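Notes follow once the structure below has been shown.
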Amino acid sequence: MSDLYELQLTLDLPGSLPDPDLALLRWHLGESGEESQESDTYPLLAARGSAERIGGALVGDLVRGVRGWALTVRQEVHPDQFDRLRELVEWIAARTSTCGTIGYLRFLEHDIPDVLIADPATGTAQRLPLMPGSAAEDVIPDPWG
Numbered sequence: 160m161s162d163l164y165e166l167q168l169t170l171d172l173p174g175s176l177p178d179p180d181l182a183l184l185r186w187h188l189g190e191s192g193e194e195s196q197e198s199d200t201y202p203l204l205a206a207r208g209s210a211e212r213i214g215g216a217l218v219g220d221l222v223r224g225v226r227g228w229a230l231t232v233r234q235e236v237h238p239d240q241f242d243r244l245r246e247l248v249e250w251i252a253a254r255t256s257t258c259g260t261i262g263y264l265r266f267l268e269h270d271i272p273d274v275l276i277a278d279p280a281t282g283t284a285q286r287l288p289l290m291p292g293s294a295a296e297d298v299i300p301d302p303w304g
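So for the sequence shown, this note's numbering puts the first residue at 160; every next one is plus one.
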């Protein structure tokens, strides 16, 4: 049994995103080449190549698009990273121009992910579980049931 999770993020950020925000995001993507001044801090979205356990590829791209900045991320994450990861996802959610689903978090051994939802108006992110029998069934009813 493994403790790994698959994290996927796909969202847009405004073209007016301040330079310090872009710099922080690029640092987390491993694009800046700078090291953190804190010994226990490291980029959370910088892994690339073949995923060790979840299959597929690990990616992290921030590109200029027609709607501003486009961010796409797929990473393997461990629960030990969840506190820092939660802070980063909430930081991104507070800046995104995407309303609604911005990504997924899936435990390695589950087929169904939890949905990550952003509300740019409040600058918050929520994790909505979709596993059968979860409270999420009250929020999103089964269209086939």
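C-beta atoms are modelled at their ideal positions from N, C-alpha and C, and glycine is treated no differently. Values in this document were obtained by computation on a predicted structure and should not be read as measured data.
Residue i vs residue j beta-carbon contact at 8 Å
i	j	result
Ala252	Thr283	yes
His237	Asp178	no
Gly174	Trp228	yes
Simplified DSSP assignment, three categories, for residue i
i	result
Arg185	helix
Asp278	strand
Sequence-distant residues of its chain with Cβ nearer than 8 Å to residue i (five each side left out)
i	result
Tyr263	Glu165, Leu166, Gln167, Pro272, Asp273, Val274, Leu275
Where the alpha helix (DSSP H) through residue i begins and ends
i	result
Leu244	241-252
Counted within 10 angstroms of its Cβ, other Cβ atoms place residue i as buried (16 or more) or exposed
i	result
Val225	exposed
His269	exposed
Start-to-end residues for the beta strand (DSSP E) that takes in residue i
i	result
Glu165	164-172
Leu289	Careful: Leu289 lies outside any beta strand (DSSP E) and carries neither H nor E.
Leu203	It is not in any beta strand (DSSP E) - Leu203 carries neither H nor E in the DSSP assignment.
His222	For the record, residue 222 in the displayed sequence is Val; it is not His. Start and end: 216-224.
Sequence-distant residues of its chain with Cβ nearer than 6 Å to residue i (five each side left out)
i	result
Leu170	Leu230, Thr255, Thr257, Ile261
Thr200	none
Cβ shell of residue i (< 7 Å), same chain only, five flanking positions each side left out
i	result
Asp346	The structure shown does not extend to residue 346, since the chain is modelled only from 160 through 304, so no value can be given for it.
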